[in-house]
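Notes follow once the structure below has been shown.
Residue numbers (the UniProt record's numbering): 1 to 528.
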């Protein structure tokens, strides 16, 4: 009787082990292998393919309309520059529109703005009118920013300036001390116009910039726009039908994304339950704790990426529907959500490409090299920041590419890629011999260091990772406890082996652990 109970207990343990092993093998199979094993249709794969097509089509349709909005803004700015800026040539000079050099030119330009504002309704060929608030027209506001006290006498080599800035409302010539006190003169005005059945309130600011007191006054024209739906609007004909079709299409996109998110969430929940079963079985039968590498095999980061992309696509689709219904005008916010979701959807395709052997090499190489590349970039970034700050403070006054920190960083990045090298050298003003000599040492040292050393080491890290993966594919990948269990092996070495493998190959990086799956009995390690 005792032997029968013992045999029954052993047989039950063997059955549980075989069931667990079959479930694990099935979990790590590709969609095609699952279909061949249990005739289960790859619903997630079909939904992902359908979602890629629909989200990309939705993005293209929205992008065509968004391009019209962007071009309208640019045309608006050009219209007002031609209407309000006296002697505007049609092309901006660097970052400003017009430059003035005489007091009479400043007065003429300012009063020209006033005259144009007064008769704008008769001048403009577009649908434009003065803005109103509570039934009253919003006035034209002229303000100035000036020093509290300013007295400069170049002939006596003396000046008396109170640097405290004050603001006032006046256009009197008697208060226009352009040589000494005036820093800025601004004209603020508001208009209304209609664009694509939207009411747009345009806030115009024309700035006469005299902060440098160099004898050159720069004129800037800036436009801020607030959009809202027209109170009484009506669309008939083909345009209205197209809007209805687009709303239905966006609703279908939301439904597909919800389905995708639900399927991926279900897969994550099942993976967590399977991990718990595997950990409990290992602890009870082998008195062995599952190593971190094997635990990461169950945490599929691709599913998390898909869920995030689905959430962003749903939010972007809702915003797009509101924009088409003329309830919202957040084009920029909507484009960020739709663009980011489309990017994530296409990146998610890599998961399915990983099931093919040749593509698998590329993905494993990127994953293996990623931790080393990040550490290397952190070290190289310190040197890069040092060159950025140094170039900004020394070469900024003499070179347009070094006038701001962001421009310096962009210029140095272009130099690393071999762009505009001669232009960067040639555009430096050689009036100051010391700065000119420093610029040569600075540029030659940066180019030599980053192109010949840093960039070469960066490529070497990736090449080394590629050689490692090729060697593993030839001689076999390091085995983990999970893979030994799936191959029905009983010898499980201490768990430190898994950590050593992670350190050497980078295969256990938390963010990318989803890129591997345990092998079945007949195949090698593939990307999951």
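Every residue, glycine too, gets a C-beta built ideally from N, C-alpha and C.
| Are residue 140 and residue 77 close, meaning C-beta to C-beta below 8 Å? | no
| Between the C-alpha atoms of residue 289 and residue 342, what's the straight-line distance to the nearest angstrom? | 40 Å
| request: For residue 143, write down the residues that DSSP places opposite it in a beta bridge. | output: 186
| task | State yes or no: is the C-beta of residue 412 within less than 8 Å of the C-beta of residue 439? | result | no
| Just curious, the alpha helix (DSSP H) that residue 330 is in, first and last residue? | Element bounds for residue 330: n/a, residue is neither H nor E.
| task | Within its chain, find whatever has a CB closer than 7 Å to the CB of residue 278; leave out the 5 residues flanking it on each side and keep chain order. | result | Excluding residues within five positions, the ones whose Cβ falls inside 7 Å are 20, 24 and 290.
| said: Whole angstroms are fine: how far does the CA of residue 361 sit from the CA of residue 391? | reply: About 41 Å.
| request: Since I believe residue 260 is in contact with residue 48 (beta carbons under 8 Å), could you give me their beta-carbon distance rounded to a whole number of angstroms? | output: 7 Å
| Cross-strand partners of residue 218 (DSSP beta bridge) | Residue pairing by DSSP places residue 218 opposite 99 and 209 in a beta bridge.
| said: Within the continuous alpha helix (DSSP H) that includes residue 469, where are the two ends? | reply: 455-475
| Among 400, 406, 143 and 480, which residue has its Cα nearest to the Cα of residue 292? | 480
| With DSSP run on the structure shown, which of helix, strand or coil describes residue 20? | helix
| query | Any idea what DSSP makes of residue 279, helix, strand or coil? | reply | helix
| For residue 41, the three-state DSSP class (helix, strand or coil) | In the structure shown, residue 41 sits in coil (DSSP, three-state: anything other than H, G, I, E or B).
| task | Name the one or two DSSP bridge partners that residue 137 has. | result | 132
| query | Assuming residue 469 contacts residue 338 under a Cβ cut-off of 8 Å, what Cβ separation, rounded to an integer in Å, is found between them? | reply | In fact, because the Cβ distance is near 35 Å, the residues do not count as touching under 8 Å.
| Burial state of residue 58 (16 or more Cβ within 10 Å) | buried
| field | Stretch-stretch touch, CB-based, cutoff 8 Å, three pairs: the segment 451-471 with the segment 366-381 | value | Touching, yes, given that three or more Cβ pairs across the two stretches are closer than 8 Å.
| query | How about residue 308 and residue 344: do their beta carbons lie closer than 8 Å? | reply | yes
| Residue range of the unbroken alpha helix (DSSP H) whose run includes residue 121 | 120-123
| Inter-residue spacing [alpha-carbon to alpha-carbon] between residue 143 and residue 403 | 29 Å
| message | So, for residue 264: in the same chain, excluding its five sequence neighbours on each side, which residues have a beta-carbon less than 6 Å away from its beta-carbon? | response | 303, 306 and 307
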